[in-house]
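For the sequence shown, my numbering gives the first residue as 553, with consecutive numbering after it.
We treat Cβ as the ideally placed atom computed from N, Cα and C, and that holds for glycine.
Because the structure is a prediction, the values reported are computed rather than measured.
Read the structure below first, then the notes.
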Amino acid sequence: MIEAGMLAGFLGTSVLLTLMPGPDILFVVGLSAAGSKRDGVAVALGLCSGLLVHITAAALGISAVVYSLPWALHLVKAAGALYLLYLAWLCWKPSDGSGDGGNGAEGGEAVERSFGRLYRRGIWMNVLNPKVSLFFVAFLPSFVVSEGESVPLQMLTLGLVFLLQALVVFTLVAVLANRIGSRFLQSGGMRRWASRVEGALYASLAAWLLLGG
553 MIEAGMLAGF
563 LGTSVLLTLM
573 PGPDILFVVG
583 LSAAGSKRDG
593 VAVALGLCSG
603 LLVHITAAAL
613 GISAVVYSLP
623 WALHLVKAAG
633 ALYLLYLAWL
643 CWKPSDGSGD
653 GGNGAEGGEA
663 VERSFGRLYR
673 RGIWMNVLNP
683 KVSLFFVAFL
693 PSFVVSEGES
703 VPLQMLTLGL
713 VFLLQALVVF
723 TLVAVLANRI
733 GSRFLQSGGM
743 RRWASRVEGA
753 LYASLAAWLL
763 LGG
């Protein structure tokens, strides 16, 4: 079993890393501030569901093998960047009131976005970010005890602890960001402006994914 002291250290480090400015938390903040708490929670659930893929791959050693191939890393990066640019386009295109775009509004009212659509968006954003897999490959083994139980099981346990704390942190951030954003984004014009900013965020994240090393 993983020692309580090591688990506490891992949990504290995980919380600090989750709170650091990065694509996932910026994504939650942007949607919650411009939309609703429900939007932020939907995305948070999607992002954490996507973590399951990376955690399992890291525990089984799949990530280390795949990302040792430069072409595979570039392929996943390109797919992730294209998806983010697609999301940016959805935010920038004129709204038709269907809810498929960003935060465009008709008559000053915000368009309600599908919980399921935002949940799936969170999953794809996380799964198509190869840096998440590389993070787990580098981070989880630091807390693995070589003489303990099976290494894959330890990594899976640590990964699930990381996932649960990330879900809690993202949910709290979503609530806080929405409370702040709702005070400044009451009018339809401000919400349309927020949609443009959200699109710029997606485009910036795409550039970060491709050029951020």
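Thinking just about the alpha-carbon of each residue, which of Asn678, Ala631 and Arg590 is nearest to the one in Cys600? Of the residues Asn678, Ala631 and Arg590, the one whose Cα lies closest to the Cα of Cys600 is Asn678.
Residues in the same chain with beta-carbon distance under 8 Å from Phe579, minus the five sequence neighbours each way, listed in chain order, please. Exclusion of the five residues before and after Phe579 leaves Val595, Leu599, Gly674, Met677, Leu753 and Leu757 as the residues of its chain whose Cβ lies within less than 8 Å of its Cβ.
Suppose the cutoff is 6 Å on Cβ atoms and the five residues either side in sequence are ignored; what does the same chain contact list for Leu748 look like? The sequence as given places Arg at residue 748; Leu does not occur at that position. Closer than 6 Å at Cβ, skipping near neighbours: no residue.
Taking 8 Å as the threshold, find out whether the region 581-589 comes into contact with the region 719-735 through three or more Cβ pairs. Judged by pairs of C-beta atoms under 8 Å, the region 581-589 touches the region 719-735, as three or more such pairs exist.
If we count the other Cβ atoms within 10 Å of its Cβ and call it buried at 16 or more, is Pro573 buried or exposed? Burial call: exposed.
Residues in the same chain with beta-carbon distance under 7 Å from Phe695, minus the five sequence neighbours each way, listed in chain order, please. Around Phe695: Met558, Phe562 and Leu710.
Can you look up Pro573 in the DSSP assignment and give me helix, strand or coil? Three-state result, Pro573: coil.
Within a Cβ cutoff of 6 Å, which residues of the same chain sit near Ala755, ignoring the five residues on either side of it in sequence? The beta carbon of Ala755 sits closer than 6 Å to those of Ala640, all from its chain and outside the five residues before and after it, given in chain order.
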